[in-house]
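Protein chains: 4
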Amino acid sequence: MASAPRKRPAAEPRAGQKLSPRGELKRTQILDAAAEVLAVRGFAGTMLSEIAERAGTQAGSLYYHFASREDLIEEVLRRGVTLTMAHVRAALTELAPETSARDRLAAAIREHVRFQLDVSAYARASARSTGQVPAEMRARINREFRRYGVFLDELIMEAMADGAIDPGVDRSALRMLLIGAANWTTEWFRPDGTSNVDEIADLLVRLMLSGVAKPKPGRRLPKKSKVD
Amino acid sequence: MASAPRKRPAAEPRAGQKLSPRGELKRTQILDAAAEVLAVRGFAGTMLSEIAERAGTQAGSLYYHFASREDLIEEVLRRGVTLTMAHVRAALTELAPETSARDRLAAAIREHVRFQLDVSAYARASARSTGQVPAEMRARINREFRRYGVFLDELIMEAMADGAIDPGVDRSALRMLLIGAANWTTEWFRPDGTSNVDEIADLLVRLMLSGVAKPKPGRRLPKKSKVD
Amino acid sequence: MASAPRKRPAAEPRAGQKLSPRGELKRTQILDAAAEVLAVRGFAGTMLSEIAERAGTQAGSLYYHFASREDLIEEVLRRGVTLTMAHVRAALTELAPETSARDRLAAAIREHVRFQLDVSAYARASARSTGQVPAEMRARINREFRRYGVFLDELIMEAMADGAIDPGVDRSALRMLLIGAANWTTEWFRPDGTSNVDEIADLLVRLMLSGVAKPKPGRRLPKKSKVD
Amino acid sequence: MASAPRKRPAAEPRAGQKLSPRGELKRTQILDAAAEVLAVRGFAGTMLSEIAERAGTQAGSLYYHFASREDLIEEVLRRGVTLTMAHVRAALTELAPETSARDRLAAAIREHVRFQLDVSAYARASARSTGQVPAEMRARINREFRRYGVFLDELIMEAMADGAIDPGVDRSALRMLLIGAANWTTEWFRPDGTSNVDEIADLLVRLMLSGVAKPKPGRRLPKKSKVD
DNA sequence: CATGAATGAGTATTCATTCAT
DNA sequence: TATGAATGAATACTCATTCAT
Numbered sequence: 018m019a020s021a022p023r024k025r026p027a028a029e030p031r032a033g034q035k036l037s038p039r040g041e042l043k044r045t046q047i048l049d050a051a052a053e054v055l056a057v058r059g060f061a062g063t064m065l066s067e068i069a070e071r072a073g074t075q076a077g078s079l080y081y082h083f084a085s086r087e088d089l090i091e092e093v094l095r096r097g098v099t100l101t102m103a104h105v106r107a108a109l110t111e112l113a114p115e116t117s118a119r120d121r122l123a124a125a126i127r128e129h130v131r132f133q134l135d136v137s138a139y140a141r142a143s144a145r146s147t148g149q150v151p152a153e154m155r156a157r158i159n160r161e162f163r164r165y166g167v168f169l170d171e172l173i174m175e176a177m178a179d180g181a182i183d184p185g186v187d188r189s190a191l192r193m194l195l196i197g198a199a200n201w202t203t204e205w206f207r208p209d210g211t212s213n214v215d216e217i218a219d220l221l222v223r224l225m226l227s228g229v230a231k232p233k234p235g236r237r238l239p240k241k242s243k244v245d
Numbered sequence: 018m019a020s021a022p023r024k025r026p027a028a029e030p031r032a033g034q035k036l037s038p039r040g041e042l043k044r045t046q047i048l049d050a051a052a053e054v055l056a057v058r059g060f061a062g063t064m065l066s067e068i069a070e071r072a073g074t075q076a077g078s079l080y081y082h083f084a085s086r087e088d089l090i091e092e093v094l095r096r097g098v099t100l101t102m103a104h105v106r107a108a109l110t111e112l113a114p115e116t117s118a119r120d121r122l123a124a125a126i127r128e129h130v131r132f133q134l135d136v137s138a139y140a141r142a143s144a145r146s147t148g149q150v151p152a153e154m155r156a157r158i159n160r161e162f163r164r165y166g167v168f169l170d171e172l173i174m175e176a177m178a179d180g181a182i183d184p185g186v187d188r189s190a191l192r193m194l195l196i197g198a199a200n201w202t203t204e205w206f207r208p209d210g211t212s213n214v215d216e217i218a219d220l221l222v223r224l225m226l227s228g229v230a231k232p233k234p235g236r237r238l239p240k241k242s243k244v245d
Numbered sequence: 018m019a020s021a022p023r024k025r026p027a028a029e030p031r032a033g034q035k036l037s038p039r040g041e042l043k044r045t046q047i048l049d050a051a052a053e054v055l056a057v058r059g060f061a062g063t064m065l066s067e068i069a070e071r072a073g074t075q076a077g078s079l080y081y082h083f084a085s086r087e088d089l090i091e092e093v094l095r096r097g098v099t100l101t102m103a104h105v106r107a108a109l110t111e112l113a114p115e116t117s118a119r120d121r122l123a124a125a126i127r128e129h130v131r132f133q134l135d136v137s138a139y140a141r142a143s144a145r146s147t148g149q150v151p152a153e154m155r156a157r158i159n160r161e162f163r164r165y166g167v168f169l170d171e172l173i174m175e176a177m178a179d180g181a182i183d184p185g186v187d188r189s190a191l192r193m194l195l196i197g198a199a200n201w202t203t204e205w206f207r208p209d210g211t212s213n214v215d216e217i218a219d220l221l222v223r224l225m226l227s228g229v230a231k232p233k234p235g236r237r238l239p240k241k242s243k244v245d
Numbered sequence: 018m019a020s021a022p023r024k025r026p027a028a029e030p031r032a033g034q035k036l037s038p039r040g041e042l043k044r045t046q047i048l049d050a051a052a053e054v055l056a057v058r059g060f061a062g063t064m065l066s067e068i069a070e071r072a073g074t075q076a077g078s079l080y081y082h083f084a085s086r087e088d089l090i091e092e093v094l095r096r097g098v099t100l101t102m103a104h105v106r107a108a109l110t111e112l113a114p115e116t117s118a119r120d121r122l123a124a125a126i127r128e129h130v131r132f133q134l135d136v137s138a139y140a141r142a143s144a145r146s147t148g149q150v151p152a153e154m155r156a157r158i159n160r161e162f163r164r165y166g167v168f169l170d171e172l173i174m175e176a177m178a179d180g181a182i183d184p185g186v187d188r189s190a191l192r193m194l195l196i197g198a199a200n201w202t203t204e205w206f207r208p209d210g211t212s213n214v215d216e217i218a219d220l221l222v223r224l225m226l227s228g229v230a231k232p233k234p235g236r237r238l239p240k241k242s243k244v245d
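Protein chains in written order, with my numbering: chain A, 18 to 245; chain B, 18 to 245; chain C, 18 to 245; chain D, 18 to 245.
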């Protein structure tokens with residue numbers, strides 16, 4: 018007789034996925050806009066008004082497509098990982114079947130960097146704002162993250178099994194350092210041409226595999242000339 | 018962010034640096050608290066109320082010590098870099114004078130990681146929240162960041178000059194990838210003992226120098242063949 | 018409450034009452050739904066979305082049948098009183114012609130309670146949400162309410178004229194107390210069987226007529242005189 | 018490492034009750050204002066802006082004293098019942114010790130009406146808006162309501178035990194009908210002098226005890242027995 | 001006739017900031 | 001120096017209303 022719990026506003030396209038192409042389009046525009054804002058401002062700094070503006074809508078209209086700010090952001094972050102993994106996986110598929118585990122791992126790292134810097138705002142958004150996400154949402158998204166982590170871990174394991182990578186290395190630390198270097202590129206990379214995506218990707222791969230040191234100086238060969 | 022911004026309206030100790038020891042102490046407590054909050058929440062997510070609580074004060078009281086939220090945060094971030102550089106530099110000073118450029122660079126990277134993970138919330142704060150800082154503040158802080166960048170760059174150059182590192186490598190990219198991997202550790206490092214700071218630091222150094230690949234499997238010996 | 022109020026902008030069936038049977042049906046469904054919602058949530062708490070959902074429509078579609086939220090609600094409330102009066106009046110009609118004024122009044126009270134609790138959501142809606150209605154609408158609906166008030170008042174007057182009820186009683190206060198007790202039942206009545214409508218109705222009638230006190234204790238006398 | 022749950026804004030006088038007299042005063046003003054608004058607009062129709070205005074504050078300032086709209090309202094409603102019960106109880110205390118159970122019950126009903134109409138906006142607020150309150154809050158407040166219900170129920174039981182009231186009557190229904198009639202007065206009572214509080218209260222008491230019917234007309238018999 | 005989609009005026013809430021004491 | 005109290009601009013969110021299809 019008293020009030021009962023309410024919820025759900027007037028419309029509800031959030032529930033059923035069956036959207037008209039028009040609604041589907043706008044929804045995508047909103048997600049895209051959100052991804053770009055998140056990639057730049059991070060979780061806490063992202064305002065619905067900015068997303069709306071970029072998507073050519075009104076802030077209030079976002080609620081027709083998403084139940085809340087968190088819901089919208091969550092979907093962006095989730096897509097970020099999902100898309101990244103899909104991209105990397107697809108890239109591996111296109112390698113020659115006989116490609117070595119080592120080269121497959123290298124390709125994965127390279128594509129991760131490239132996808133993030135060159136292609137997807139979603140990936141950038143994930144990289145930059147996951148860290149500030151409230152615990153609850155964190156927990157919900159974690160599955161996707163873990164999945165990608167496992168995916169990469171398997172590549173590393175295969176490379177180890179293949180004798181391409183030192184099996185004594187802490188796989189987890191290795192992976193996180195590589196991912197970290199890759200994700201951090203979004204903080205300093207200048208898309209204006211100053212930086213070159215492929216060079217960066219290649220350099221990271223090189224770090225993983227052989228590093229940038231030249232064979233021990235002083236020993237082996239003459240090299241000594243450069244005493245400093 | 019709220020109200021109309023104004024400049025230095027409150028009392029005055031911010032002008033003259035000579036504070037009573039008690040005021041100096043509180044100021045430090047506030048900075049420490051702010052560093053911890055920033056390290057966890059990031060720039061946009063940091064609230065004065067949380068800082069105040071951690072510092073054992075009231076939010077309003079912060080304004081006796083700092084002109085504004087931005088001023089406080091700016092000082093924390095600036096300290097973050099400054100302290101990191103000071104720590105790394107000090108560590109290098111303690112090395113044997115004859116230490117090679119390569120080993121000096123390695124030590125720098127190692128200490129950067131260790132300082133961040135083990136020692137200083139300021140360093141963590143800088144690492145995690147610099148990216149979200151508004152352009153204005155960014156510009157103001159940039160000097161410190163650039164100074165540290167130059168410092169590292171010189172270490173790299175010396176190692177190159179010394180023949181320890183491939184001079185063909187893009188120094189800037191190399192530095193940012195290393196710093197990135199290091200900074201990103203704050204996102205995944207578990208201080209509960211699961212992760213080990215030194216191992217991580219060593220692994221990063223190893224990546225820089227030699228990578229983790231084992232000599233091309235199948236080809237015994239030729240080692241030297243890879244003269245480059 | 019939102020936007021700028023306007024008058025009758027939509028289609029037109031609201032003008033001419035002749036609707037296709039289908040439209041008429043939907044209109045009724047909407048009114049029914051609105052009555053149920055109003056009965057539970059009250060005026061301010063009633064949302065078009067909930068009404069629409071219950072009526073199997075979309076909130077926007079309501080505007081084909083009603084010019085505004087207020088219009089819809091107004092009709093429900095008006096119906097609430099109208100129907101209640103019609104019900105009570107019909108019940109009185111079915112009484113034996115020689116029924117005393119006193120018994121007619123009793124029957125009216127009884128039927129008011131029963132109609133509200135057992136039969137009509139419109140009646141419940143009226144009872145529960147009239148009080149919160151904005152002054153303007155209030156004024157518009159008042160005619161119906163007054164009409165019912167007069168109707169009841171006449172029953173009371175007749176009972177007084179007939180010597181059944183103490184003519185010294187403030188008719189208006191009496192009526193409002195009775196109606197109040199009746200309307201308030203909607204707040205506590207449990208339709209789950211815990212409460213019994215007829216018992217409640219009878220008790221209210223008894224309160225009106227004789228109250229629940231036993232003849233002054235201490236004086237044992239006529240007792241039996243009370244044939245009823 | 019990720020964000021942790023937040024809460025609690027800057028200040029927190031809500032937690033500790035120790036408020037300076039000034040804060041205590043404002044808090045009371047706000048509660049008073051809220052009570053008045055609630056009494057008129059009901060739960061859903063009550064807006065913080067109106068409360069703030071009446072309390073001579075800004076809407077945002079309410080949050081210094083109360084954690085949320087619901088918290089504020091909850092306290093008002095709770096006070097409504099608590100105060101009513103306290104008032105009624107106090108009134109009973111002042112009765113002569115030998116006052117009969119029947120007269121004590123009558124006094125309780127009378128004071129309930131008077132307190133509500135004449136004295137306390139809190140009581141009116143409770144009476145008018147409890148019905149629309151969301152289930153959660155309802156549950157929380159229910160203790161107070163039940164306590165008052167029990168209090169009244171005991172009075173009824175004593176009157177029954179004393180032979181003053183027909184023990185065959187459903188105590189719960191009786192109580193709710195009486196309370197209902199009393200609470201509903203807030204919907205129609207005109208404080209402008211048209212209505213008279215004491216008359217209304219007395220009439221309700223009379224309804225409870227003896228009703229307003231005159232001994233069955235037409236049948237000449239005991240008539241005189243009823244000395245009263 | 002119906003609805004999917006959008007709008008925009010509000011409403012509760014947050015939080016940096018102020019200031020009298 | 002500190003703080004209790006307040007302010008007000010900004011932000012997420014709601015909901016009646018509109019309208020093209």
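No residue lacks a Cβ here, since even glycine has one placed at the ideal position from N, Cα and C.
None of these values were measured; they are calculated from a predicted model.
Asked: Suppose you measure from the CA of E171(B) to the CA of R121(B); what does that come to, to the nearest Å?; Found: 11 Å
Asked: Do I59(C) and A61(D) have their C-beta atoms closer together than 8 Å?; Found: Going by the sequence as given, residue 59(C) is Gly instead of Ile. Closer than 8 Å, so yes.
Asked: Relative to the alpha-carbon of L79(D), which residue among A51(D), I126(D), L226(D) and D215(D) has its alpha-carbon at the smallest distance?; Found: A51(D)
Asked: Which same chain residues end up closer than 8 Å to A19(B) when comparing Cβ atoms and leaving out the 5 residues on each side of it in sequence?; Found: At A19(B) the pLDDT is 36, less than 50, meaning the model places this residue with poor confidence and gives no usable figure here.
Asked: Under 8 Å, do V222(C) and A108(C) count as touching if we go by C-beta distance?; Found: no
Asked: At a CB-CB cut-off below 7 Å, which residues of chain A make contact with D183(B)?; Found: V229 and K231
Asked: Just to confirm my understanding: we take F132(A), look at its own chain, exclude 5 residues before and 5 after, and list those with CB closer than 6 Å. What are they?; Found: T101, H104 and A140
Asked: Can you give the beta carbon distance from S227(C) to A181(C), rounded, assuming they're within the 8 Å contact cut?; Found: So it is not a contact: roughly 11 Å between Cβ atoms.
Asked: How many angstroms separate the CA atom of E87(A) from the CA atom of M154(A)?; Found: 8 Å
Asked: Mapping DSSP to helix, strand and coil, what is A230(D)?; Found: strand
Asked: Looking at C-alpha atoms only, which residue of R145(D), A218(D) and E70(D) is the closest neighbour of L195(D)?; Found: A218(D)
Asked: Less than 8 Å between CB atoms is the rule here; does Q149(A) satisfy it with respect to chain B?; Found: yes
Asked: Of the residues R44(C), R71(C), R95(C) and V136(C), which one's Cα is nearest the Cα of V272(C)?; Found: Not covered by the structure: residue 272(C). The range shown for chain C is 18 to 245.
Asked: Please go through the same chain and pick out, in chain order, the residues whose beta-carbon is closer than 7 Å to the beta-carbon of I173(C), but skip the five residues on each side of it.; Found: L122, I182, R188, L191 and R192
Asked: So is V98(A) in contact with chain B if we call contact Cβ pairs under 8 Å?; Found: no
Asked: Is it buried or exposed, S66(A), if we count other Cβ atoms within 10 angstroms and call 16 or more buried?; Found: exposed
Asked: Could you check which residue in G197(A), T202(A) and T211(A) has the C-alpha nearest to that of T203(B)?; Found: G197(A)
Asked: Show which residues of chain A have a CB atom less than 9 Å away from the CB atom of E216(B).; Found: D187 and A190
Asked: Chain C partners of E204(D), CB-CB under 9 Å?; Found: T147, G148, M193, G197 and N200
Asked: Beta carbon of V98(D), beta carbon of L55(D): below 8 Å?; Found: no
Asked: I'd like to know whether the C-beta of M102(C) is nearer than 8 Å to at least one C-beta of chain D.; Found: no
Asked: Find the nearest neighbour of D209(B) within the set L134(B), T74(B) and E53(B), judged by alpha-carbon distance.; Found: L134(B)
Asked: Could you tell me which of R164(C), P232(C), E41(C) and E53(C) sits nearest to A320(C), measuring between CA atoms?; Found: Chain C is shown from 18 up to 245; residue 320(C) falls before or after that span and cannot be answered.
Asked: Tell me I158(D)'s beta-bridge partners as DSSP assigns them.; Found: None; I158(D) has no bridge partner.
Asked: Shortest alpha-carbon distance to R164(D) belongs to which of R96(D), Q75(D), P151(D) and L220(D)?; Found: R96(D)
Asked: Restricting to Cα atoms, I'd like to know which of F206(B), V130(B), T45(B) and M64(B) is closest to H82(B).; Found: T45(B)
Asked: Along the stretch 48-63 of chain D, what residues have a CB closer than 9 Å to any CB found in chain C?; Found: V57, R58, G59, F60, A61, G62 and T63
Asked: Let me know if A178(A) comes out buried or exposed under the rule of 16 or more other beta-carbons within 10 Å of its beta-carbon.; Found: exposed
Asked: Given a threshold of 16 other Cβ atoms within 10 Å of its Cβ, counted over all protein chains shown, does Q75(A) qualify as buried or as exposed?; Found: exposed
Asked: Measure from the C-beta of L221(A) to each C-beta in chain B and report whether the shortest distance is under 8 Å.; Found: yes
Asked: With respect to 7 Å, is the separation between the Cβ of F83(C) and the closest non-hydrogen atom of the ligand MG below this value?; Found: For the structure depicted, the ligand MG is absent and the ligand set is empty, with no information on it obtainable.
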